[in-house]
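Residue numbers (the working numbering), protein chains in the order written: chain A, 1 to 460; chain B, 1001 to 1460. Let me begin by presenting the structure, written as structure tokens, before commenting on it.
2 protein chains.
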Amino acid sequence: MQDVLGYIDAHRERFVRELVEWVKIPSISALPAHAPDMLRNAEHLCAALAALGADRAEVLTTRGHPAVFASFDHAPGKPTLLVYGHHDVQPIDPLGEWVSPPFEPAVRDGRLYGRGVVDDKGQVWIHLKAIEAFLRGGGGKLPINLKLIVEGEEEVGSEHLGDVMREHEELLRADYVCVSDTAMFGRGIPSLCVGLRGLAYFEVHVSGPSGDVHSGSFGGGIANPANALARILARLHDDDGHVTIPGFYDRVRVLTQPEKDEIASLPHDDAAWLAMSGARAAVGEAGFSTLERIWCRPTLDVCGLTSGFQGEGAKTIIPATASAKVSCRLVPDQTPDEIGRLLAEHVMRLAPPGVKVEVVTLHGGMPYLAPTSHPVFEVARRAFSKAFGGKPTVFIREGGSIPFVRTIADATGKPCLLMGFGQPDENAHAPNEWLDLENFHLGIKSAAHLYDELAKMVTP
Amino acid sequence: MQDVLGYIDAHRERFVRELVEWVKIPSISALPAHAPDMLRNAEHLCAALAALGADRAEVLTTRGHPAVFASFDHAPGKPTLLVYGHHDVQPIDPLGEWVSPPFEPAVRDGRLYGRGVVDDKGQVWIHLKAIEAFLRGGGGKLPINLKLIVEGEEEVGSEHLGDVMREHEELLRADYVCVSDTAMFGRGIPSLCVGLRGLAYFEVHVSGPSGDVHSGSFGGGIANPANALARILARLHDDDGHVTIPGFYDRVRVLTQPEKDEIASLPHDDAAWLAMSGARAAVGEAGFSTLERIWCRPTLDVCGLTSGFQGEGAKTIIPATASAKVSCRLVPDQTPDEIGRLLAEHVMRLAPPGVKVEVVTLHGGMPYLAPTSHPVFEVARRAFSKAFGGKPTVFIREGGSIPFVRTIADATGKPCLLMGFGQPDENAHAPNEWLDLENFHLGIKSAAHLYDELAKMVTP
């Protein structure tokens, strides 16, 4: 390992220059005009993997954008790790807010700026360079068997990832999965993400008169759908911020004291966290800390309201309809189906007389909790900490939902290590996306340590 | 009077043909392209008044569309009646829904179809033809002094009516005012409108994060402006439909038993009334009938809701802002200023922690209640009933607000007779506006009886 780590130190600058070349390709999956760039981008990555001497390196076509697969079958009898990443990037607008052009990467103050530098090209490149360090700086081969699947549609919903996983089931078979597309808890804090919230998304539609009617002629005499909607939505929480839907919390796993202690031990600062949103105060369900609320507690948020007159000035109507977009973030072991049923039943109970109420389920996703009692999590913790100078690796969660993690976890049935090297403030989906180059460097070492530590495990 | 009434019977068909000619002029005040039509329309009316032998007949220019003034000074020592009407009409879209073209009036089943036939050209023409009946069918002169002011901006808010009233204060001086621009309670029921609700219109703005933020990253940890808005709006009513704003009802005049009895005696049918709106049920403040609710009780209706994501599908955000348009209909002796203050104070009290709440007052209008103890109301009742075969004239109210009534009532300081000949279902602001030709005929007789009865009063 000393040779491997020394190689990583020695080639630090070149690794960044190589990443810069890849970032120059504008692989925006959301924009059809960039379809040729998507293919060029995949081929660039595939060529780099082939140049490393991969046993197999190929562009996998899908019904959408291509994915890239590579395998290094160097260690018979040793565990096989499947690394997931994506080579597509977010759109760049508003372009005017970028300090330097998004596809002309620039280094300033130890940061590399450019679209995709952290989400996710930099994190994919970390694995390529860790592999290179073993092959050129270490003993010429990897201590484990490595597979990479780098999709091209993560930023547009991973629509065809499930197909890829099914069609290439044999190819993608592995003992463990490593996803490098998330963030660390903060700068210099090695972090494994072990939980993701699920999602259940609804529309609530309330209808009253057959068209908008005059609020003078009818006001006071018929039910107002907008007032009715407000009444329904307001009654979905009590004064302490708990969701009032009967049964909503029945399947929620109560945090254990060790889990609560681990969360409490994290260097979280409400003020700094609030500053990222511009919100005025950290408020939420009584009895829980902010991190517990956003990671481990289910929510019910109104994402949109639409009713009646929305223009300038006054229009005196009783609107014909009022509707709300509502998202519930779910935690283990809630399921979108059950929560959808409970919410719909409760909304119908809350419907006041004189209006018609409908609940439409749009989509949902299961929450995810890693099987952290599996020994591979301790192995990953150790590897990560070694790269970061002995700093303890923390288990964190994400309040959001990352559907492809479920897709991969379900498709492989294997423990999934969410070992991310980003930072929460790196503007992943905004102008001036940046990558902390120290994290990039230590990320390469972390990946190398992970491979090394996994090699010491008994093959499952 | 027999000669006058006989003349009205004898010329019934011609009166309709004349009205048709006027309705052909597309006097849409809302559309700048029709400005020349507005002038032509005013001149058409002015010429008709001059042809009747008015002592004065002129087009009054304003900073907007022109008004028409005429006076008949036939009866020294007798009361002077000022008749108000308007010569502008509503726009015609959606044009495709008209059975016959809006400006090619057509008679079908005893109804005249066309834009403006009832609102308000037909009702203005009623007075012209009543005048004609006295001058050509009766003794050659009117039994009272008559003035007409017919404005051209009623459908666009009567913006310059106040100016006209001020500039021509001397000209418009009268003992009584008759406004013929409202509807009867139902077919064949002579009705005087004696009350109008006022209006106070607000926007409630709730803001949270500085921009829309991810409902996964922040959901549960910060206040959601849309949920907060729903909570505020929901708490503005109790379960019985009463408005909860402290002091809201303090100045509301309690209906007297005779007033309640008069309202209860009207042939109101909830089912037929509901059918006009397409609403499912007559619901509202506990303890009041539908007519009491829409005529005599104040309301608080949400007219519009806007927040966050309103497109197709799902977007998982906590919106930065949420806002509502809110209208309160007011009844005597509530005032928009006081209600605005009370509402704003209460909304601020209801604001949950973590969001910023603002209340913006858009505009307001005073409620109106006619001084029905004045003897002129009994005179008008009698005149109206005579024309309608002895049917008793009912006192009704309107749930809506008609600002020009307050403008005229305040400017003249005289009792204002809202003697309308429309019907509630005549599509006044919709496609296929129609006028019941029997009402038109009896309306002319009602106006004639009104002039005759007023002549018997002592000049105030």
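For glycine and all other residues, C-beta sits at the position ideal for the given N, C-alpha and C.
Near chain A, meaning a CB-to-CB distance below 7 Å, the residues of the stretch 1304-1338 of chain B are GLY1304, LEU1305, THR1306, SER1307, GLY1308, PHE1309, GLN1310, GLY1313, ALA1314, LYS1315, THR1316, ILE1317, ILE1318, PRO1319, ALA1322, LYS1325, SER1327, ARG1329.
For A/ILE92, the CB contacts under 6 Å within the same chain, skipping 5 residues up- and downstream, are PRO102, ARG115 in chain order. With contacts defined as CB atoms closer than 9 Å, B/ALA1322 and B/LEU1305 qualify as a contacting pair.
Taken in chain order, the members of the stretch 1211-1228 of chain B whose beta-carbon sits within less than 7 Å of a beta-carbon on chain A are GLY1211, VAL1213, HIS1214, SER1215, GLY1216, SER1217, PHE1218, GLY1219, GLY1220, GLY1221, ILE1222, ALA1223, ASN1224, ALA1226, ASN1227.
According to the DSSP assignment, B/ALA1070 belongs to the beta strand (DSSP E) that extends over 1067-1072.
Put simply, the CB of A/THR182 is far from chain B, with every gap to its CB atoms at 9 Å or more. In this structure the stretch 37-48 of chain A touches the stretch 22-29 of chain A; the number of beta carbon pairs closer than 8 Å is three or more. Distance from the Cα of A/CYS178 is smallest, within the candidate group A/ALA106, A/PHE384, A/SER100, for A/PHE384. Across the set A/VAL118, A/ILE396, A/ARG108, A/THR335, the C-alpha of A/VAL118 shows the shortest separation from the C-alpha of A/GLN90. For B/ARG1382, not one C-beta of chain A is nearer than 9 Å to its own C-beta.
At a Cβ-Cβ threshold of 9 Å, A/PRO319 and A/ASP212 count as neighbours. With respect to the C-alpha of B/ALA1411, the residue from B/ARG1173, B/ALA1035, B/ASP1009 having the closest C-alpha is B/ARG1173. The straight-line gap separating the alpha-carbon atoms of A/ASP240 and A/GLY287 is approximately 9 Å. Contacts between B/THR1290 and chain A, judged by CB atoms closer than 7 Å, involve GLY221 in chain order.
Every alpha helix (DSSP H) stretch that sits fully inside the stretch 1361-1400 of chain B and reaches 4 residues is listed by chain position as 1375-1387. Pairing B/SER1071 with B/MET1419 gives a Cβ-Cβ distance that is not under 9 Å. For A/ARG14, the uninterrupted alpha helix (DSSP H) segment begins and ends at 12-23. Beta-carbon to beta-carbon, B/ARG1329 and A/GLY157 are separated by about 47 Å, too far to satisfy the 8 Å threshold.
Assignment of beta-bridge partners to A/ALA324 by DSSP yields A/VAL204, A/LEU305.
When DSSP reads this structure, A/MET419 sits in a beta bridge with A/LEU192. Put simply, the CB of A/LYS260 is far from chain B, with every gap to its CB atoms at 9 Å or more.
The stretch 1385-1395 of chain B makes no contact with the stretch 1331-1346 of chain B: fewer than 3 CB pairs, one atom from each, lie closer than 8 Å. Non-local beta-carbon contacts of A/GLU259 in its own chain, meaning distances under 7 Å to residues more than five positions away in sequence, are absent. Rounded to whole angstroms, B/ARG1056 and B/THR1361 show a C-alpha spacing of 43 Å. Annotated three-state conformation of A/ILE126 is helix, per DSSP.
The stretch 59-66 of chain A makes contact with the stretch 136-153 of chain A; the number of CB pairs closer than 8 Å reaches 3 or more. The way I'd put it, the stretch 1289-1302 of chain B does touch the stretch 1246-1258 of chain B; three or more beta-carbon pairs between them come closer than 8 Å. In this structure, B/PHE1404 sits away from B/TYR1113, with a CB-CB distance that is not shorter than 9 Å. As a beta-bridge residue in DSSP terms, A/ASN145 pairs with A/THR80. In the pairwise beta carbon analysis, the stretch 260-269 of chain A is classified as not touching the stretch 1187-1194 of chain B: fewer than three pairs are separated by under 8 Å. Residues of the stretch 363-378 of chain A with a C-beta atom less than 9 Å from some C-beta of chain B are HIS363, listed in chain order. For B/ALA1057, the uninterrupted beta strand (DSSP E) run begins and ends at 1056-1060, by DSSP.
Rounded to the nearest whole angstrom, the CA to CA distance from B/VAL1458 to B/PRO1367 is 30 Å.
For B/VAL1357, the number of other beta carbons within 10 angstroms of its own is at least 16, and it is reported as buried. With at least 16 other beta carbons inside 10 angstroms of its own, A/SER307 counts as buried. At a cut-off of 9 Å, the C-beta of A/ASP425 has no neighbouring C-beta in chain B.
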